[in-house]
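Number of protein chains: 2
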Amino acid sequence: MLTAEIIAIGSELLTPEKTDTNSLWLTGRLNEIGVEVKLKTIVGDDAARLEEAIADAVKRSDVIITTGGLGPTEDDITRRCSANAIGRELVYHEELEAHLRERFRLWGREMPEINKRQAYVIDGAEILPNPNGSAVGMLAKIDEKFLAVLPGPPRENQPMFDNYVFAKLKESAGNVIVKRRVLRVTGYGESAVDELIAPIYTSYQNLDTSILFTKSEIEVHLAARADSDGKASVVVEEVTKKILDVLGDAVFSTDNETMEQVLGKILTKRGLTISTAESCTGGLISRRLTEVPGSSKYFLEGVVSYSNEAKIRLLNIPSKTIEMHGAVSAETAEAMAKGMREVSGSDVALSVTGIAGPDGGTPEKPVGTVFIGYSDTHGEMSRKFLFPGDRYLIRWRSSQAALDYVRRRLLAAAKNA
Amino acid sequence: MLTAEIIAIGSELLTPEKTDTNSLWLTGRLNEIGVEVKLKTIVGDDAARLEEAIADAVKRSDVIITTGGLGPTEDDITRRCSANAIGRELVYHEELEAHLRERFRLWGREMPEINKRQAYVIDGAEILPNPNGSAVGMLAKIDEKFLAVLPGPPRENQPMFDNYVFAKLKESAGNVIVKRRVLRVTGYGESAVDELIAPIYTSYQNLDTSILFTKSEIEVHLAARADSDGKASVVVEEVTKKILDVLGDAVFSTDNETMEQVLGKILTKRGLTISTAESCTGGLISRRLTEVPGSSKYFLEGVVSYSNEAKIRLLNIPSKTIEMHGAVSAETAEAMAKGMREVSGSDVALSVTGIAGPDGGTPEKPVGTVFIGYSDTHGEMSRKFLFPGDRYLIRWRSSQAALDYVRRRLLAAAKNA
Numbered sequence: 001m002l003t004a005e006i007i008a009i010g011s012e013l014l015t016p017e018k019t020d021t022n023s024l025w026l027t028g029r030l031n032e033i034g035v036e037v038k039l040k041t042i043v044g045d046d047a048a049r050l051e052e053a054i055a056d057a058v059k060r061s062d063v064i065i066t067t068g069g070l071g072p073t074e075d076d077i078t079r080r081c082s083a084n085a086i087g088r089e090l091v092y093h094e095e096l097e098a099h100l101r102e103r104f105r106l107w108g109r110e111m112p113e114i115n116k117r118q119a120y121v122i123d124g125a126e127i128l129p130n131p132n133g134s135a136v137g138m139l140a141k142i143d144e145k146f147l148a149v150l151p152g153p154p155r156e157n158q159p160m161f162d163n164y165v166f167a168k169l170k171e172s173a174g175n176v177i178v179k180r181r182v183l184r185v186t187g188y189g190e191s192a193v194d195e196l197i198a199p200i201y202t203s204y205q206n207l208d209t210s211i212l213f214t215k216s217e218i219e220v221h222l223a224a225r226a227d228s229d230g231k232a233s234v235v236v237e238e239v240t241k242k243i244l245d246v247l248g249d250a251v252f253s254t255d256n257e258t259m260e261q262v263l264g265k266i267l268t269k270r271g272l273t274i275s276t277a278e279s280c281t282g283g284l285i286s287r288r289l290t291e292v293p294g295s296s297k298y299f300l301e302g303v304v305s306y307s308n309e310a311k312i313r314l315l316n317i318p319s320k321t322i323e324m325h326g327a328v329s330a331e332t333a334e335a336m337a338k339g340m341r342e343v344s345g346s347d348v349a350l351s352v353t354g355i356a357g358p359d360g361g362t363p364e365k366p367v368g369t370v371f372i373g374y375s376d377t378h379g380e381m382s383r384k385f386l387f388p389g390d391r392y393l394i395r396w397r398s399s400q401a402a403l404d405y406v407r408r409r410l411l412a413a414a415k416n417a
Numbered sequence: 418m419l420t421a422e423i424i425a426i427g428s429e430l431l432t433p434e435k436t437d438t439n440s441l442w443l444t445g446r447l448n449e450i451g452v453e454v455k456l457k458t459i460v461g462d463d464a465a466r467l468e469e470a471i472a473d474a475v476k477r478s479d480v481i482i483t484t485g486g487l488g489p490t491e492d493d494i495t496r497r498c499s500a501n502a503i504g505r506e507l508v509y510h511e512e513l514e515a516h517l518r519e520r521f522r523l524w525g526r527e528m529p530e531i532n533k534r535q536a537y538v539i540d541g542a543e544i545l546p547n548p549n550g551s552a553v554g555m556l557a558k559i560d561e562k563f564l565a566v567l568p569g570p571p572r573e574n575q576p577m578f579d580n581y582v583f584a585k586l587k588e589s590a591g592n593v594i595v596k597r598r599v600l601r602v603t604g605y606g607e608s609a610v611d612e613l614i615a616p617i618y619t620s621y622q623n624l625d626t627s628i629l630f631t632k633s634e635i636e637v638h639l640a641a642r643a644d645s646d647g648k649a650s651v652v653v654e655e656v657t658k659k660i661l662d663v664l665g666d667a668v669f670s671t672d673n674e675t676m677e678q679v680l681g682k683i684l685t686k687r688g689l690t691i692s693t694a695e696s697c698t699g700g701l702i703s704r705r706l707t708e709v710p711g712s713s714k715y716f717l718e719g720v721v722s723y724s725n726e727a728k729i730r731l732l733n734i735p736s737k738t739i740e741m742h743g744a745v746s747a748e749t750a751e752a753m754a755k756g757m758r759e760v761s762g763s764d765v766a767l768s769v770t771g772i773a774g775p776d777g778g779t780p781e782k783p784v785g786t787v788f789i790g791y792s793d794t795h796g797e798m799s800r801k802f803l804f805p806g807d808r809y810l811i812r813w814r815s816s817q818a819a820l821d822y823v824r825r826r827l828l829a830a831a832k833n834a
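Read top to bottom, the protein sequences are chains D and P. Counting along the first sequence from 1, when you hit position 22 you're at 22 in this note's numbering, and nothing is skipped either side. Positions in the second sequence are counted from 1; adding 417 to them yields this note's numbering.
Here it is in structure tokens:
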């Protein structure tokens, strides 16, 4: 398997505002042909560091791609540094200067003298034409290794890579095919997921697995390598099936979908409508549900009832329920879901009431205490959670747990039917 | 001037989908104290490359910050590699393991054995507490150089950096003072803002200005350098005042606050309450308003009325208003705001009705058509917008325009009072 490094060049990429994004596209193209990106470097207009970065990359990896730093101004140093890094000279190409002069003439301008720099190319490197800009690219071979020197703007480097670099790398990479899949898991911690599925993924040789924790879910990234599409797919399918056997319904998507997309699909498939009654999540759940295009087919309405008075008026909650059990209680959560379902006429309703903080916690009900309520034609149920984190995370985790609660109820109902 | 390198660790950062963004925030903080970021490296779960990257960085730069790779799973290798890179041992800390066990106990879970790894720390390094996660950070000094090893999640690494690393680097960086300010502007395009304020910022020598366009606002980043806090502050204040003279109320914050924070402050100051009636934004506006801690003091309630039936029932809109003008109209928007204010008893109410797409557009009302309604004791008003972008952007821009509409109404009322 060939390994690659990408080096992005430009001082603007070292500011608080900008980051390198060229490498994402390049990584996608490299991964397609089984070339793995092992390291990315972002370096400014600093000749010593750039030269060292390129030289180190050539030592470690099979494919090195640089982007940027090929313009005509003083601080564009990639040409010189890449030649130095591999111990070669820059060679002047008269036909490149003529071509540049012609380009400028077509734009109705005189070529500034500094643009002459763009007529120098690493000795022995292939010149990569650039129809979309003045800087040509270069492709140098160092023994079996490749150094591709590309301009920074995506509309210049992407066609250049596809037209002049991709096929050569593909040939050199052999016949490797990589199939990827992302499983999304909720309701487990990162280490619990890893303990449960490590025996599965470690038993495969040509499979890369990484486990990623985001604010309310675990992503399991699978990448299977094989010499054919069919073989790689078989591995991904097989591993997915084994993980599903172990984690069950906790895997809410095997296709990198969000929780709201998955729930929307289940509702659509079963022809059900939903409504939401939110307190501490403040509209986050309805916002997530309605983010999905076409959600108006199943999402009827939502209420954000912050005050007790609003809960009573909008959701017909008996005031004694709140008096007896408190606004943050299983009873109130269930009454909210019931009331919401009744006033909206939806098939199912969910509710959330809790304490997102930073204030409002008590010893009995600390910040993070959240009750999720659910209602359908069979009645109401609820579940208590205690979420760690700050206000933002507690709200997000509440929304995730609520959507997941409905998802699991509907899956259970389908199994029992 | 001290130089810094940032090393982001994690195989997910070498995929086509994800890139390192932690370094942007860190760069901002480092720049504030005159520390310049010279190189960034992104490395996966590859011990040899990571160790080399850290070792090289320590040779070249004064401050090295790593982010990520401190979790408990197999592929979290930062602890071991950073110790190796600087030729030190990892030392087991019994009290860290006890603390971890206690954290898990509080969550009602047993600590998985692999979490024990998180009790190992580089010999001689300061332990940086992490109230927001299980991985502690480390700060090692190598002669006059700093190696800070931070966890990956921003919610963990940012407070850790600010609480335990920033002051030490500031002291070491000497007396360069950089004062930054972020002005947030809405209602203008990027180039319009630049044309209006370029004559101001170009007249200062030691001022860096960058103008950044985000999904619904323009950020003007000012950074003034001087040898004293006072001098740098004077420049920032002066430039801010001049920009305010030119852009007026379009500048909604001179302190990098969100629109919902700014509106919350105005409501709090004036002792007013608010309620929201949303259609196409689906709860996004109430979600944003209630994201602010303490918002329960002014936010009374919200309704997400997707269907016409819900608009009529929940907001007492005359059904003939919708029949005559359509659900997406100035009349319906104003009726929604009026109804919301009346049923909730809030001082002001806002409403949004529009077409977020991808479906539902017509020649007269294409996707992106949005009406914002407003109601207070003086009556109702509304404004029509046509937002470009996809569903996500149209919804976001609608929420921003709605909050801004209320902000401007309240500012105008205060001026007229």
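Note that beta-carbon positions come from the ideal geometry of N, C-alpha and C, so glycine has one too.
Candidates the options, of which the one nearest residue i by Cα
{"i": "E126 (chain D)", "options": "D:L139, D:E323 and D:L100", "result": "D:L139"}
{"i": "Y715 (chain P)", "options": "P:F578, P:A590, P:A766 and P:A819", "result": "P:A766"}
{"i": "K435 (chain P)", "options": "D:D76, D:V37, D:G137 and D:D359", "result": "D:V37"}
{"i": "L386 (chain D)", "options": "D:E380, D:V328 and D:M336", "result": "D:V328"}
{"i": "E51 (chain D)", "options": "D:R79, D:V406 and D:T276", "result": "D:R79"}
{"i": "D255 (chain D)", "options": "D:E323, D:R184 and D:R270", "result": "D:R184"}
{"i": "A464 (chain P)", "options": "P:V475, P:K457, P:G486 and P:L456", "result": "P:G486"}
{"i": "R534 (chain P)", "options": "P:P568, P:L613 and P:T490", "result": "P:T490"}
{"i": "A667 (chain P)", "options": "P:D646, P:S722 and P:A609", "result": "P:A609"}
{"i": "R421 (chain D)", "options": "D:A337, D:L393 and D:K415", "result": "The first residue shown for chain D is 1 and the last is 417, placing residue 421 (chain D) beyond what the model contains."}
{"i": "A713 (chain P)", "options": "D:V304, D:L289, D:R103 and D:S296", "result": "It should be noted that the sequence gives Ser, not Ala, for residue 713 (chain P). Out of D:V304, D:L289, D:R103 and D:S296, D:V304 has the C-alpha closest to the C-alpha of S713 (chain P)."}
{"i": "K446 (chain P)", "options": "P:D579, P:N549 and P:T438", "result": "Note that residue 446 (chain P) is Arg in the sequence shown here, rather than Lys. For the residues P:D579, P:N549 and P:T438, the minimum Cα distance to R446 (chain P) belongs to P:D579."}
8 angstroms Cβ cutoff met for residue i and residue j
{"i": "E726 (chain P)", "j": "G790 (chain P)", "result": "no"}
{"i": "E451 (chain D)", "j": "Q400 (chain D)", "result": "Nothing in the structure corresponds to residue 451 (chain D), since chain D is present only between 1 and 417."}
{"i": "A119 (chain D)", "j": "E89 (chain D)", "result": "no"}
{"i": "R60 (chain D)", "j": "R466 (chain P)", "result": "yes"}
{"i": "Y164 (chain D)", "j": "L128 (chain D)", "result": "yes"}
{"i": "A643 (chain P)", "j": "I691 (chain P)", "result": "no"}
{"i": "L419 (chain P)", "j": "D479 (chain P)", "result": "yes"}
{"i": "I471 (chain P)", "j": "I559 (chain P)", "result": "no"}
{"i": "H221 (chain D)", "j": "S210 (chain D)", "result": "yes"}
{"i": "V239 (chain D)", "j": "L212 (chain D)", "result": "no"}
{"i": "I467 (chain D)", "j": "I243 (chain D)", "result": "The structure shown does not extend to residue 467 (chain D), since chain D is modelled only from 1 through 417, so no value can be given for it."}
{"i": "F788 (chain P)", "j": "G771 (chain P)", "result": "yes"}
{"i": "A829 (chain P)", "j": "V769 (chain P)", "result": "no"}
{"i": "G152 (chain D)", "j": "G10 (chain D)", "result": "yes"}
Whole-angstrom distance between residue j and residue i, CA atom to CA atom
{"i": "R181 (chain D)", "j": "T66 (chain D)", "result": "28 angstroms"}
{"i": "M111 (chain D)", "j": "V236 (chain D)", "result": "55 angstroms"}
{"i": "I64 (chain D)", "j": "V709 (chain P)", "result": "46 angstroms"}
{"i": "P780 (chain P)", "j": "A773 (chain P)", "result": "15 angstroms"}
{"i": "A422 (chain D)", "j": "N574 (chain P)", "result": "As displayed, chain D neither begins before 1 nor continues past 417, which places residue 422 (chain D) out of reach and without an answer."}
{"i": "P358 (chain D)", "j": "P388 (chain D)", "result": "12 angstroms"}
{"i": "N31 (chain D)", "j": "P159 (chain D)", "result": "17 angstroms"}
{"i": "Q678 (chain P)", "j": "L284 (chain D)", "result": "17 angstroms"}
{"i": "L523 (chain P)", "j": "E561 (chain P)", "result": "40 angstroms"}
{"i": "V136 (chain D)", "j": "T258 (chain D)", "result": "42 angstroms"}
{"i": "M381 (chain D)", "j": "K682 (chain P)", "result": "38 angstroms"}
{"i": "L267 (chain D)", "j": "A223 (chain D)", "result": "31 angstroms"}
{"i": "Y405 (chain D)", "j": "I494 (chain P)", "result": "35 angstroms"}
Expected contact under 8 angstroms - CB spacing of residue i and residue j to nearest Å
{"i": "I539 (chain P)", "j": "S499 (chain P)", "result": "6 angstroms"}
{"i": "G699 (chain P)", "j": "R814 (chain P)", "result": "Between R814 (chain P) and G699 (chain P) the Cβ distance is about 14 angstroms, and since that is not below 8 angstroms, they are no contact."}
{"i": "L732 (chain P)", "j": "G756 (chain P)", "result": "3 angstroms"}
Check: residue i C-beta below 7 angstroms from any heavy atom of the ligand MN
{"i": "V178 (chain D)", "result": "Ligands displayed in this structure: none; no statement on the ligand MN is therefore possible."}
Against chain P, which members of the region 27 to 40 of chain D pass a CB distance test of less than 7 angstroms?
Only those residues of the region 27 to 40 of chain D whose C-beta falls short of 7 angstroms from the nearest C-beta of chain P are listed: T27, G28, N31, V37, K38, L39 and K40.
Listed in chain order, which residues of the region 184 to 199 of chain D have Cβ atoms closer than 8 angstroms to some Cβ of chain P?
Listed by position along the chain: G189, E190, S191, A192, D194, E195 and A198.
Interfacial residues, the region 5 to 19 of chain D to chain P, with Cβ spacing under 7 angstroms:
Within the region 5 to 19 of chain D, the residues whose Cβ lies closer than 7 angstroms to some Cβ of chain P are L14, T15, P16, E17 and T19, listed in chain order.
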